[in-house]
């Protein structure tokens, strides 16, 4: 079982909060001293499509790059676009009590790591774009496959490049099999290859939470490898921003990762005011890592300002005061009768589990070489030969957020977190409102 999950998780990356504990990295030839004005100049944009339109907000396009805080159907799309073929179709769904439950929480069947859709996705309609425009895309998407309008007169690429579990830094094998195709610099490259950029386009970028989980996951004392991974992540954030800026993007909202002193994953190390529990050395280590990573990101943003003043607007989640304000705002959104039940410290769900089906038949997690089934077409043909039919293998993975018995009968909308990392849909709605205010400020 353990060996099977170690293959299944990195290949499909069906559970971001598991894979983000991988404390390893892949060495990459990134030059942090490269002239920033040269970055991204060699991206091939010959097949880019004009997907712009006039909107009430004044923006002509809206794109999202990031991780599970913005992902809606991006994880499954990437898995199928990379590994899918005439022999294999991969579907990744979310469900259960805490994720985008296709039967209850989300009538449109969106798959996201919250009990609805994400903030970046919600901003779409606020800006005057249609929901159907915010479809996923990635570096493996080879042709436009989404309608640009209700009449389907034109097909375009998706505009949401965010992928659950995505990092800025490159990860090592086996997690790299999928996620290294979704690092933040690769996401921006794909965006530029697929869409023509106009002066009034807007990009929302958020990244770094999964990098922090990986950084914290390094063994204490392994400073050399941790620092190399951190530097690679910071360098790729730099590349991602200059990819966009050097190719004509003039409006970017950048959201920093929060410090990890308030998420349930590390809640036992901190009090309700985000302060370390007295004598807790692990809390101090977590804060030190978070602070160092944040400082690296801010150095990148300061360099960006030197070349492109006033282009990148910051939504800074790292400051304790900001998170306290967001918590207060969230509590205020709840009915007065529910405000005493608001829970910031605990997650609504208990944990997550896999449900795997092949051709509609549920499988036990044992007795199969998943790596070969997903990556090796000879193995796929051999598997097909054992079946009655000779059609494409349909591999369906569902990630379910499981009920916490202690929270049975409670209202998930009173919880800030749906699991020990991801916020609930009410928090995403609040974030979307904050992002919209920033976007309106750009247009003043």
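Residue numbers (mature numbering (1 follows the signal peptide of the UniProt record, and there is no 0)): -19 to -1, 1 to 425.
Just so it is clear, CB atoms sit at the ideal spot from N, CA and C, and this is done for glycine as well.
Because the structure is a prediction, the values reported are computed rather than measured.
So residue i and residue j are in contact, right, with Cβ under 8 Å, and what is the actual spacing, rounded?
| i | j | result |
| --- | --- | --- |
| residue 184 | residue 52 | Their Cβ separation, rounded to whole angstroms, is 16 Å, which puts residue 184 and residue 52 out of contact at 8 Å. |
| residue 172 | residue 44 | 6 Å |
| residue 137 | residue 30 | 6 Å |
| residue 343 | residue 382 | Not confirmed; about 18 Å, so no contact. |
| residue 384 | residue 330 | 7 Å |
| residue 241 | residue 295 | Rounded, the Cβ-Cβ distance is 19 Å, inconsistent with contact. |
| residue 427 | residue 419 | This structure does not reach residue 427, given that the chain is present from -19 up to 425, and the question cannot be answered. |
| residue 42 | residue 32 | 6 Å |
Between which residues of its own chain and residue i is the CB-CB distance below 7 Å, once the five residues before and five after are set aside?
| i | result |
| --- | --- |
| residue 196 | 207, 210, 211, 270 and 274 |
| residue 22 | 227 |
| residue 252 | 258 |
Between which residues of its own chain and residue i is the CB-CB distance below 6 Å, once the five residues before and five after are set aside?
| i | result |
| --- | --- |
| residue 4 | Confidence at residue 4 is low in this model, with a pLDDT of 43, below 50, so its placement is unreliable and the value that follows should be read with caution. So the list reads 195, 198 and 199, once near-sequence residues are dropped. |
| residue 168 | 46 and 142 |
| residue 88 | At residue 88 the pLDDT is 48, less than 50, meaning the model places this residue with poor confidence and gives no usable figure here. |
| residue 117 | 54, 55, 58, 139 and 141 |
| residue 219 | 281 |
| residue 222 | 285 |
| residue 232 | 183 and 423 |
| residue 414 | none |
| residue 322 | 395 |
| residue 312 | 320 and 323 |
| residue 425 | none |
| residue 261 | 250 |
Alpha helix (DSSP H) containing residue i: first to last residue?
| i | result |
| --- | --- |
| residue 333 | Counting along the chain, residue 333 falls outside any alpha helix (DSSP H), though it belongs to the beta strand (DSSP E) covering 330 to 339. |
| residue 304 | 301 to 314 |
| residue 228 | Here residue 228 belongs to no alpha helix (DSSP H), and DSSP marks it neither H nor E. |
| residue 64 | 55 to 64 |
| residue 274 | 262 to 288 |
| residue 194 | 190 to 198 |
| residue 107 | 100 to 107 |
The beta strand (DSSP E) with residue i in it runs from where to where?
| i | result |
| --- | --- |
| residue 413 | Segment 406 to 423 is the alpha helix (DSSP H) holding residue 413; no beta strand (DSSP E) there. |
| residue 182 | 182 to 187 |
| residue 42 | 42 to 46 |
| residue 74 | 69 to 77 |
| residue 396 | 396 to 398 |
| residue 115 | Taken as a continuous stretch (DSSP letters only), residue 115 belongs to no beta strand (DSSP E), as it is neither H nor E. |
| residue 382 | 374 to 384 |
| residue 170 | Element bounds for residue 170: not the beta strand (DSSP E) but the alpha helix (DSSP H), 165 to 175. |
| residue 294 | 293 to 296 |
| residue 234 | 233 to 236 |
With distances taken from CA atoms, which of the options is nearest residue i?
| i | options | result |
| --- | --- | --- |
| residue 160 | 205, 60, 246 and 180 | 60 |
| residue 320 | 328, 20, 309 and 330 | 309 |
| residue 429 | 394, 325 and 339 | An answer regarding residue 429 cannot be provided, because it is not within the stretch -19 to 425 covered by the chain. |
| residue 402 | 387, 338, 108 and 239 | 239 |
| residue 186 | 177, 68, 202 and 237 | 237 |
| residue 317 | 204, 337, 413 and 395 | 395 |
| residue 380 | 216, 27, 419 and 79 | 79 |
| residue 417 | 342, 377, 70 and 106 | 106 |
| residue 216 | 284, 202, 252 and 242 | 284 |
| residue 147 | 166, 130 and 129 | 166 |
| residue 130 | 110, 278 and 263 | 110 |
| residue 249 | 267, 203, 235 and 233 | 267 |
| residue 292 | 178, 128, 234 and 66 | 234 |
| residue 124 | 49, 297, 303 and 174 | 174 |
| residue 412 | 425, 303 and 387 | 303 |
| residue 298 | 278, 290 and 315 | 278 |
| residue 426 | 49, 67 and 134 | Summary: the structure shown does not reach residue 426, with the chain confined to residues -19 through 425, and so no result is reported for it. |
| residue 372 | 314, 201, 121 and 340 | 340 |
| residue 337 | 191, 376 and 128 | 376 |
| residue 265 | 205, 201, 214 and 276 | 201 |
| residue 70 | 392, 421, 378 and 386 | 378 |
| residue 213 | 230, 151 and 181 | 151 |
| residue 35 | 179, 272 and 290 | 179 |
| residue 176 | 119, 149 and 205 | 119 |
| residue 328 | 314, 16 and 391 | 391 |
| residue 243 | 260, 400 and 153 | 400 |
| residue 108 | 72, 181, 134 and 260 | 181 |
Only counting the same chain, and skipping five residues up and downstream in sequence, which positions put a Cβ closer than 8 Å to that of residue i?
| i | result |
| --- | --- |
| residue 389 | none |
| residue 18 | 223, 227 and 288 |
| residue 121 | 59, 62, 63 and 162 |
| residue 170 | 21, 24, 120 and 224 |
From the beta carbon of residue i, is the nearest beta carbon of chain D less than 8 Å away?
| i | result |
| --- | --- |
| residue 262 | Protein chains in the displayed structure number just one, and chain D is not present. |
Exercise for the section: Report yes or no: do three or more beta-carbon pairs, one from the segment 383 to 397 and one from the segment 405 to 420, lie closer than 8 Å? Expected result: yes
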